[in-house]
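In the numbering used here, the protein residues as written are 4 to 196. What follows is a set of notes on a single structure, which appears directly below.
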Amino acid sequence: MSFEKFTAENAAMLLIDHQVGTMGWAKSMPFEELKRNALMLAKSAAILNMPVVLTSSMEEYAQGPLVEELKTILPEEFEARIKRLGIVNAMDDENFAAAVKATGRKKLIIAGVTNDVCTVYPALTLVAAGFDVQVVADAGASPTKMADDIALRRMDKNGITLTTTNQLIAELAGSWATPQGEKLVQVLMESFQ
Numbered sequence: 004m005s006f007e008k009f010t011a012e013n014a015a016m017l018l019i020d021h022q023v024g025t026m027g028w029a030k031s032m033p034f035e036e037l038k039r040n041a042l043m044l045a046k047s048a049a050i051l052n053m054p055v056v057l058t059s060s061m062e063e064y065a066q067g068p069l070v071e072e073l074k075t076i077l078p079e080e081f082e083a084r085i086k087r088l089g090i091v092n093a094m095d096d097e098n099f100a101a102a103v104k105a106t107g108r109k110k111l112i113i114a115g116v117t118n119d120v121c122t123v124y125p126a127l128t129l130v131a132a133g134f135d136v137q138v139v140a141d142a143g144a145s146p147t148k149m150a151d152d153i154a155l156r157r158m159d160k161n162g163i164t165l166t167t168t169n170q171l172i173a174e175l176a177g178s179w180a181t182p183q184g185e186k187l188v189q190v191l192m193e194s195f196q
C-alpha cells in the first residue's frame with residue numbers, strides 16, 4: 004500500500020452532523036473533547052483555506068443545530084451547509100454528494116457524529132467510489148465504546164485510513180516553521196489545555 008500525504012491542496016474536509024443533540028448521544032467520548040476536536044479541524048481547514056462541506060440532519064428535531072462555533076470559524080460553509088431530511092448516509096443526499104464532487108478533490112477527510120451511523124456509511128460509500136478517505140476517529144464518537152470500536156474496525160477493514168485530530172493537523176501542516184504551520188501549532192495546543 005502506498006502512502007500519499009494529504010495536503011491543503013489535494014484534500015477536502017467533510018464535517019458531518021456535529022449537532023448539539025447528536026453529540027450529546029455520543030457517550031464514547033466526553034462531549035467537550037469531541038467538540039474541541041471537531042472545532043480544531045474546522046479551524047485548521049480555515050487556516051489552510053481547504054474546501055469544507057458541512058452537513059446536518061433534521062436540525063429542528065432532537066438532533067439540534069450544528070455547534071454554533073462553526074458559524075464563526077467557517078461562516079460561508081456554515082451558510083452553505085447541506086440540511087438533510089433524515090437521510091442516514093449523507094452520500095445518498097444528492098445535494099451533499101454534489102457538494103463533495105464540487106470540491107474537485109479525491110482525498111477526503113471525514114469527521115462525523117456519530118461514527119457508528121453518520122460517519123461509517125458515507126466513508127464506505129466514498130472509498131468504494133475510489134476516493135482516498137481518512138476518518139478522524141476522535142472528532143466523532145458513538146453512543147457506546149463498543150459501537151465506536153465496531154464502526155472504526157469496519158471502516159479500517161474496508162480501506163479507510165483512521166487518524167486522530169492531532170495526527171491529521173500535523174500531516175496537513177507538514178512544517179511548523181511556515182506561516183500556516185505557526186497558526187496550526189496554536190490550534191494543536193488547544194488539545195493540551
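Even for Gly, the Cβ is constructed at its ideal location relative to N, Cα and C.
- Inside the region 136–165, DSSP marks whole alpha helix (DSSP H) runs of 4 or more residues at positions 148–160, from first to last along the chain.
- Using a Cβ distance threshold of 9 Å, methionine 94 and threonine 128 count as a contacting pair.
- In the three-state scheme derived from DSSP, where H, G and I count as helix and E and B as strand, glutamine 66 is classed as coil.
- Secondary structure within the region 10–68: the alpha helix (DSSP H) runs of 4 or more consecutive residues, fully enclosed, are 23–28, 34–51 (chain order).
- Secondary structure of alanine 102 (DSSP, three-state): helix.
- Counting along the chain, leucine 129 sits inside the alpha helix (DSSP H) bounded by residues 123–131.
- Only buried fits glutamine 22, as 16 or more other CB atoms lie within 10 angstroms of its CB.
- The residue from Glu71, Glu82, Met26, Asn98 with its alpha-carbon nearest to that of alanine 65 is Met26.
- Per the coordinates, the alpha-carbon of asparagine 52 lies some 7 Å from the alpha-carbon of alanine 11.
- Met192 is the residue among Asn161, Asp152, Phe34, Met192 whose C-alpha sits nearest the C-alpha of glutamine 170.
- It is roughly 14 Å from the alpha-carbon of threonine 166 to the alpha-carbon of valine 123.
- Note on glutamate 7: under 16 other CB atoms within 10 angstroms of its CB, so exposed under the neighbour-count rule.
- Residue pairing by DSSP puts arginine 87 in a beta bridge opposite Ser60.
- Inclusion of valine 190 and isoleucine 172 in the CB contact set at 9 Å is warranted, their separation being smaller than that value.
- Between isoleucine 90 and valine 56 the beta-carbon gap is near 14 Å, outside 8 Å, which marks them as no contact.
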